[in-house]
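Data block below; observations after.
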Amino acid sequence: MVEDDRQLPDATPDRDYDTVSELPVGLSPADRPKVPSTLPPQGACDAHLHLVGGKNDFPLWDHRIEDPVPGRGFEDWLQLLQTHMTTLEMSRGVIVHSALYGEDNTVTIEALRRLGESYVGVGLVRGDVTDEALDKLADTRIRGIRVNEVFDAPLTWDEAKPLAHKLAARGMHLELLMTAERIADLSEQIAELPCDVVIGHLGWPDVNAGPDGPGFGAVRRLVSEGRVYAKLSALYRLTSAPYDSAQPFVAALAETPERCLWGSDWPHLMLEGAEVPDAGILLDRFFDAVTDNEARQTILVDAPQTLYRF
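Taken in order, the sequence shown gives residues 1 to 310; the numbers are from UniProt numbering.
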């Protein structure tokens, strides 16, 4: 762990830069994103962040697909998160518990304690989670529970369905990371859930097939009918920079701005071959796709306030 924050690279951008290749030597975009060309409105929320520690800081899940980055601990990641938020001028954040830790939510709960009331969380649980455990999560500002079918995680869709009424009773939502085709297959069941539902990462569509491709129509319909929220996030996992092929998907969902959220997916874990993005560029691309100022305000400020209750 870095014991003196002066040992970390300067995290304050001294100039604007437009591409990852222009970053100073030794820095990654997760360390120091570019200043976005357009700044968000006051009270903006990054609705998809992760917080990790060093390998020995918190208990890791036996079935994880990777270890935390070596050489950095929890305190370092806290500092880098604050740099990320300051650079993007985001006032509020949602810490989505990483599958690296399985159903042990300690790292996320500690992050929320340290970061304060302007941050809330989304946790991971097993299907046999107790009412007492859900109460504890709700009391620590965990606002939702995630099902992650793209990467291994402790909770399956079939296990999550019976929990939905318990989540609703606690003002919690269910976040789903699954492919657009899978969402289409489950769309009727999703629409009938008693709790709020969030679809992650644009519904993980096949961007090469375009917005009319398999499954995405169901995602768009669930959003437009007010059945779910959608996160306009993780373009870099679906296509390569400058993410042009993902822009029509963002624009299509943003036609229902009150049901959309924006997230950076910082610090970009479990890349599985994707290139590390620059969150400043990701925010620029959001503004390119969503040009209406009222829609921007709704997606970045109002919708997250409604869902997450900061």
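We put the beta carbon where it would ideally sit given N, CA and C, even for glycine.
Nearest-angstrom beta carbon gap, residue j and residue i [assumed within contact, 8 Å]
| i | j | result |
| --- | --- | --- |
| L51 | L81 | 6 Å |
| P257 | A191 | Not confirmed; about 20 Å, so no contact. |
| I142 | G121 | 5 Å |
| F151 | P205 | Between P205 and F151 the Cβ distance is about 17 Å, and since that is not below 8 Å, they are no contact. |
| V197 | L176 | 7 Å |
| L78 | R113 | The pair is not a contact, with the Cβ atoms about 11 Å apart (cut-off 8 Å). |
| A153 | L124 | 6 Å |
| G215 | A184 | 4 Å |
Straight-line Cα distance separating residue j from residue i
| i | j | result |
| --- | --- | --- |
| L202 | L232 | 5 Å |
| D265 | Y101 | 17 Å |
| L253 | R182 | 18 Å |
| V25 | V276 | For V25, the predicted structure reports a pLDDT of 44, less than 50, and the residue's modelled location is therefore unreliable. A value from the coordinates is still provided. Going by the C-alpha atoms only, they are around 15 Å apart. |
| A218 | L186 | 9 Å |
| A251 | A241 | 17 Å |
| H267 | Y229 | Reading off the sequence shown, one finds Pro at residue 267, where the question assumed His. Spanning the two alpha carbons is a distance of roughly 22 Å. |
| E132 | A138 | 10 Å |
Same chain only: Cβ atoms within 7 Å of residue i, ignoring 5 sequence neighbours per side
| i | result |
| --- | --- |
| T239 | V207, S245, A246 |
| L134 | K166, R170 |
| P33 | H84, T87, L88, D278, A279, G280 |
Proximity winner among the options, relative to residue i (alpha-carbon distances)
| i | options | result |
| --- | --- | --- |
| L39 | L115, F310, A99, R285 | R285 |
| G210 | R72, W77, A180 | A180 |
| D104 | D57, R221, R309 | D57 |
| G200 | V94, E132, V35, E188 | V94 |
| I299 | E255, S37, A274, L282 | E255 |
| V129 | I109, D139, A160 | A160 |
| M172 | Q189, E188, L193 | L193 |
C-beta contact flag for residue i and residue j at 8 Å
| i | j | result |
| --- | --- | --- |
| A30 | M90 | no |
| residue 313 | L174 | Nothing about residue 313 can be read from this structure; the chain reaches only from 1 to 310. |
| A111 | W262 | no |
| V223 | R259 | yes |
| K55 | P70 | yes |
| E310 | R92 | A quick correction: the sequence has Phe, not Glu, at residue 310. Contact flag set, yes. |
| A274 | Y236 | yes |
Cutoff 6 Å; reference residue i; Cβ partners in own chain excluding five residues on either side
| i | result |
| --- | --- |
| R296 | V290 |
| I109 | T140 |
Close beta carbons around residue i, own chain, < 8 Å, minus the five adjacent residues each side
| i | result |
| --- | --- |
| L269 | H50, V52, E66, S98, L100 |
| W157 | V147, E149, L176, M178, L186 |
| S21 | Low local confidence applies: a pLDDT of 39 at S21 is under 50, so the model's placement there is unreliable, with the coordinate-based value given in what follows. Here the set comprises nothing. |
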